[in-house]
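Q: Below you'll find the structure I mean.
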Amino acid sequence: MREEQRCSWCGDTPIYVTYHDEEWGVPVRDSRELFAMLLLEGFQAGLSWITVLKKRAHYLTVMDGLAPEKIALYDETKIEALLADPGIIRNKLKVRGSVKNAKAYLAHEAAGHSFSELLWGFTGGNTLDNGFRTMEEMPTSTPESDAMSKALKKLGFTFVGSTICYAFMQAVGMVNDHVVSCPRYRELGGVK
Numbered sequence: 010m011r012e013e014q015r016c017s018w019c020g021d022t023p024i025y026v027t028y029h030d031e032e033w034g035v036p037v038r039d040s041r042e043l044f045a046m047l048l049l050e051g052f053q054a055g056l057s058w059i060t061v062l063k064k065r066a067h068y069l070t071v072m073d074g075l076a077p078e079k080i081a082l083y084d085e086t087k088i089e090a091l092l093a094d095p096g097i098i099r100n101k102l103k104v105r106g107s108v109k110n111a112k113a114y115l116a117h118e119a120a121g122h123s124f125s126e127l128l129w130g131f132t133g134g135n136t137l138d139n140g141f142r143t144m145e146e147m148p149t150s151t152p153e154s155d156a157m158s159k160a161l162k163k164l165g166f167t168f169v170g171s172t173i174c175y176a177f178m179q180a181v182g183m184v185n186d187h188v189v190s191c192p193r194y195r196e197l198g199g200v201k
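The numbering used here puts the first residue of the sequence shown at 10, with every later residue one more than the last.
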């Protein structure tokens with residue numbers, strides 16, 4: 010029988026290995042945590058996830074713990090300060106998009122809707138077990154991420170294309186995309 014080994018995407022970089030072993034694919038149900046992760050996935054767009062991972066602690070510090078009610082109030086002075094901060098990804102569209110997304114999140118919640126229920130609704134409330142044997146089998150988007158992207162854009166979110174949504178779904182455990190030879194696959198409920 011083949012020896013178990015973690016997913017190859019994390020290599021042997023300690024921060025990546027820790028993220029893979031402790032966070033990636035663990036189901037997140039808290040609306041605020043989901044919002045924060047969606048923001049970080051948006052900042053990652055076009056870059057490697059490790060870039061964001063290395064800057065995550067700084068994001069939490071300079072962007073008020075990624076709390077939507079605080080980000081929604083960012084004015085031009087705060088936005089310019091963020092754009093001058095080398096500790097984050099200084100992309101105008103992404104920084105301004107985080108403010109727009111915070112406002113969209115708050116509007117959704119103020120209307121009496123749960124952000125978590127909205128997002129988990131695209132997987133029927135359960136983690137989808139894909140049972141991939143290799144990284145090459147994994148798609149970059151799915152019908153579920155397409156639908157999530159469309160719904161989020163309709164609510165006023167930005168940086169929520171289908172590829173970003175699928176990466177988000179992998180990160181927050183809406184899909185179990187650890188390869189079947191990875192110990193985390195079974196630890197997170199994989200059955201194939």
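From the three backbone atoms N, C-alpha and C, an ideal C-beta is built for every residue, glycine too. Every value quoted in this text rests on a predicted model; they were computed, and no experiment measured them.
To which residues does DSSP link N185 through a beta bridge?
A: Note: N185 sits in a beta bridge opposite D138.
Q: Could you check which residue in E78, I24, K64 has the C-alpha nearest to that of A116?
A: For A116, the nearest C-alpha among the options comes from E78.
Q: Distance check for S150 and G199, CA to CA, integer angstroms please.
A: Taking the straight line joining both Cα atoms gives about 20 Å.
Q: Between which two residues does the alpha helix (DSSP H) carrying M72 extend?
A: From DSSP, M72 is part of no alpha helix (DSSP H); its letter is neither H nor E.
Q: Going by C-alpha to C-alpha distance, which of C19, A45, A119, E31 sits closest to E196?
A: With distances taken between Cα atoms, E196 lies closest to E31.
Q: State the CB to CB distance for the pair L43 and V181, rounded to an integer number of angstroms; the pair is presumed to be in contact (CB under 8 Å).
A: Correct: roughly 6 Å between the Cβ atoms.
Q: Taking the alpha-carbon of P23 as reference, which of A156, I59, V189, N110 has the nearest alpha-carbon?
A: When each option's Cα is compared against that of P23, the closest is I59.
Q: Out of L92, R15, F52, P36, which has the shortest C-alpha to C-alpha gap to I173?
A: Nearest option by C-alpha distance: F52.
Q: Tell me the DSSP secondary structure of M10 in three-state form.
A: Caution is warranted here: a pLDDT of 28 is assigned to M10, below 50, making its placement in the model unreliable, and no coordinate value can be reported.
Q: Given T167, which residues of its chain have a CB within under 7 Å of its CB, disregarding the five upstream and five downstream residues?
A: The residues are G106, K109, N110.
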